[in-house]
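Residue numbers (my numbering): 44 to 417.
Given below as structure tokens:
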């Protein structure tokens with residue numbers, strides 16, 4: 044027998060209705076919402092109880108307020124506010140004769156950056172910065188922003204804050220810190236292999252973690268669009284172009300790789316990570332064709348020509364060019380050689396060097412041109 048659960052949620056007194064089938068006691072319905080007034084109503088419910096969970100945004104330490112609220116009757120009204128500097132979750136239990144339903148409601152202040160801790164199996168928790176626009180609805184769009192080797196995810200999402208509020212985007216910027224994700228192998232090369240070359244389980248890849256992050260948050264907000272955009276600068280740009288190869292089923296609409304330091308070439312004879320030759324890889328020419336058919340845009344600053352201390356200067360990297368600007372052109376030429384009809388594009392950003400803020404502005408301009416006007 045189906046039971047109908049009516050949720051009225053409103054920081055702006057907007058009502059959302061959802062019908063949910065009767066579930067096993069172990070099921071938890073996860074929802075992501077703007078903070079504010081919440082009204083629950085169900086004719087089969089006799090008691091409503093709420094536990095407030097606060098997770099420190101910096102340390103990840105969790106505390107529980109087990110007596111946050113308790114209401115009897117078929118209807119309950121709560122104020123689910125977001126606590127400053129705390130990831131704020133409300134665990135709602137609705138009990139009645141023969142029923143026990145549970146809801147996990149994550150709340151966010153509108154137009155304000157906060158962070159959540161993403162936990163997946165035995166992987167280290169990933170602190171993920173998030174921005175939710177005041178205009179959020181099922182039609183809201185989604186972009187993932189990937190930081191560089193300096194691991195400054197907060198600065199990266201700040202470059203998207205105002206634009207996202209104006210253009211109705213949820214933005215997330217996961218932080219793969221240097222402690223748990225040390226070096227390029229564990230971060231921007233995807234954590235595909237151990238240091239001795241053994242294949243790592245897919246669920247531990249940074250590529251897979253990012254894709255799962257999007258899936259969970261988009262589902263929590265009930266977004267209609269299954270596709271998302273992906274942007275990265277510097278090491279984040281390296282992450283992006285490799286992600287599009289190793290994650291062929293990921294629902295990425297457009298990948299924007301800005302100023303990568305060097306590239307994994309579409310070359311089955313050159314050793315990984317500069318090419319795709321490895322005893323534990325089995326890419327084919329068909330895979331290369333699929334990769335080059337995806338919507339990828341390389342953005343290069345015309346003044347990103349310095350051989351700075353953090354630029355990879357190995358013989359393999361220098362074979363791609365003496366600086367990031369040259370290497371972007373080299374990669375694009377190799378992509379076109381594999382597939383002359385490629386969907387990849389190379390875009391010059393005039394008078395910009397190795398600057399994630401200005402490259403983010405260029406990416407935002409591209410997205411504005413791509414998105415339909417409403």
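Here a beta-carbon is modelled for each residue, glycine too, at the ideal position from N, C-alpha and C.
Cα-Cα separation between residue i and residue j, rounded to whole angstroms
| i | j | result |
| --- | --- | --- |
| residue 59 | residue 136 | Since pLDDT at residue 59 reaches only 31, below the 50 mark, its modelled position is unreliable, and the value read off the structure follows with that caveat. If you take the alpha carbons of residue 59 and residue 136, they lie about 19 Å apart. |
| residue 244 | residue 220 | 20 Å |
| residue 395 | residue 348 | 10 Å |
| residue 407 | residue 397 | 17 Å |
| residue 340 | residue 179 | 27 Å |
| residue 214 | residue 122 | 25 Å |
| residue 386 | residue 334 | 9 Å |
| residue 159 | residue 246 | 20 Å |
| residue 384 | residue 358 | 30 Å |
| residue 150 | residue 109 | 17 Å |
| residue 251 | residue 90 | 40 Å |
| residue 146 | residue 157 | 22 Å |
| residue 194 | residue 144 | 40 Å |
| residue 75 | residue 259 | 10 Å |
| residue 234 | residue 410 | 29 Å |
| residue 114 | residue 125 | 21 Å |
| residue 67 | residue 92 | At residue 67 the pLDDT is 38, less than 50, meaning the model places this residue with poor confidence and gives no usable figure here. |
| residue 101 | residue 161 | 13 Å |
| residue 404 | residue 168 | 30 Å |
| residue 80 | residue 279 | 38 Å |
| residue 268 | residue 351 | 40 Å |
| residue 239 | residue 227 | 15 Å |
| residue 152 | residue 82 | 18 Å |
| residue 224 | residue 230 | 6 Å |
| residue 353 | residue 316 | 18 Å |
| residue 141 | residue 87 | 9 Å |
| residue 71 | residue 266 | 19 Å |
| residue 382 | residue 336 | 8 Å |
| residue 360 | residue 236 | 20 Å |
Coarse secondary structure for residue i, derived from DSSP in three states
| i | result |
| --- | --- |
| residue 49 | Annotation note: pLDDT 31 at residue 49 (below 50); position unreliable, no value reported. |
| residue 85 | coil |
| residue 115 | strand |
| residue 71 | strand |
| residue 108 | strand |
| residue 136 | strand |
| residue 90 | strand |
| residue 249 | helix |
| residue 335 | helix |
| residue 344 | strand |
| residue 399 | helix |
| residue 363 | coil |
| residue 377 | helix |
| residue 434 | Residue 434 lies beyond the residue range present for the chain, which begins at 44 and ends at 417; the question has no answer from this structure. |
| residue 78 | coil |
Residue closest to residue i, alpha-carbon to alpha-carbon, out of the options
| i | options | result |
| --- | --- | --- |
| residue 414 | 349, 358, 270 | 270 |
| residue 309 | 86, 261, 318 | 318 |
| residue 120 | 250, 240, 85 | 85 |
| residue 129 | 146, 140, 104, 110 | 104 |
| residue 95 | 117, 142, 148, 116 | 148 |
| residue 155 | 261, 161, 78 | 78 |
| residue 107 | 116, 88, 117, 133 | 133 |
| residue 97 | 127, 87, 88 | 127 |
| residue 111 | 118, 131, 261, 170 | 131 |
| residue 165 | 262, 185, 248 | 248 |
| residue 264 | 222, 184, 218 | 184 |
Close Cβ partners of residue i (< 6 Å) along its chain, the five nearest in sequence each way excluded
| i | result |
| --- | --- |
| residue 475 | The question about residue 475 has no answer, for the chain in this structure spans 44 to 417. |
| residue 314 | 320 |
| residue 43 | The structure shown does not extend to residue 43, since the chain is modelled only from 44 to 417, so the question has no answer here. |
| residue 401 | 395 |
| residue 323 | 242 |
| residue 345 | 391, 393 |
| residue 216 | 172, 188, 196, 199, 200 |
| residue 281 | 231, 303 |
Close beta carbons around residue i, own chain, < 8 Å, minus the five adjacent residues each side
| i | result |
| --- | --- |
| residue 343 | 301, 302, 367, 368, 371, 372, 389, 390, 391, 392 |
| residue 412 | none |
Residues near residue i in its chain [Cβ-Cβ closer than 7 Å; skip 5 each side]
| i | result |
| --- | --- |
| residue 306 | 284, 363, 370, 374 |
| residue 446 | The structure shown does not extend to residue 446, since the chain is modelled only from 44 through 417, so no value can be given for it. |
| residue 117 | 84, 85, 86, 88 |
Closer than 7 Å: residue i CB and nearest the ligand ZN heavy atom
| i | result |
| --- | --- |
| residue 366 | What this structure holds is no ligand at all, so the ligand ZN is not there to describe. |
is_contact[residue i, chain B] using C-beta, thresh 8 Å
| i | result |
| --- | --- |
| residue 149 | Included in the structure is just one protein chain, with no chain B present. |
query: Are at least three pairs of beta-carbons, each pair with one atom in the segment 195 to 204 and one in the segment 251 to 259, less than 8 Å apart?
result: No: the two stretches stay apart, fewer than three of their Cβ pairs being nearer than 8 Å.
query: Using 8 Å as the threshold, is the segment 359 to 377 in touch with the segment 172 to 183, meaning 3 or more CB pairs across them?
result: Short answer: they don't touch.
- prompt: Can you find at least 3 beta carbon pairs, one from the segment 284 to 293 and one from the segment 201 to 211, that sit closer than 8 Å?
  reply: Not touching, per the Cβ criterion.
query: Is there contact between the segment 319 to 332 and the segment 359 to 372, where contact requires at least three CB pairs shorter than 8 Å?
result: No: the two stretches stay apart, fewer than three of their Cβ pairs being nearer than 8 Å.
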